[in-house]
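A.B. asks: Can you keep this structure in mind? I'll have questions shortly.
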Amino acid sequence: MAKVNISLDAALVVEVMVLSGVNNPQDAVELLVHDYIARGHRTDARTGSADQQLKDIESRPQRPAEHG
Numbered sequence: 001m002a003k004v005n006i007s008l009d010a011a012l013v014v015e016v017m018v019l020s021g022v023n024n025p026q027d028a029v030e031l032l033v034h035d036y037i038a039r040g041h042r043t044d045a046r047t048g049s050a051d052q053q054l055k056d057i058e059s060r061p062q063r064p065a066e067h068g
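Residue numbering for the sequence shown follows the UniProt record's numbering, starting at 1 and increasing by one per position.
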């Protein structure tokens with residue numbers, strides 16, 4: 001798998017390390033990213049993807065506005 005190098009604020013990385021309980025900064029950030037992606041997949045599985053919801057809304061027939 002290809003690797004990407006990025007720079008992050010040290011305080012941010014330390015907080016991720018503390019929250020994840022991982023002593024290696026690289027591993028801590030990777031764990032966080034994997035968790036974020038998995039959470040997104042779980043949310044999509046429960047609610048359906050946002051793209052599909054938008055398609056469903058756009059395909060509904062529009063009711064004319066009532067004037068009173």
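We put the CB at the ideal spot given by N, CA and C, even for glycine.
Leu32 and Val16 - do their beta-carbons sit closer together than 8 Å?
C.D. replies: Yes; because the gap between Cβ atoms is below 8 Å, this pair is in contact.
A.B. asks: Ignore the nearest five residues each way along the sequence and tell me which others in Pro25's own chain have a CB closer than 7 Å to its CB.
C.D. replies: Here the set comprises Val13, Met17.
A.B. asks: Determine the DSSP secondary structure at Ile6, reduced to helix, strand or coil.
C.D. replies: Correct three-state label for Ile6: coil.
A.B. asks: Which word fits Ala10, buried or exposed, when buried means at least 16 other C-beta atoms lie within 10 angstroms of its C-beta?
C.D. replies: Exposed, since its Cβ has fewer than 16 Cβ neighbours within 10 Å.
A.B. asks: How is the alpha helix (DSSP H) around Gly40 delimited, first residue to last?
C.D. replies: Element bounds for Gly40: 25 to 47.
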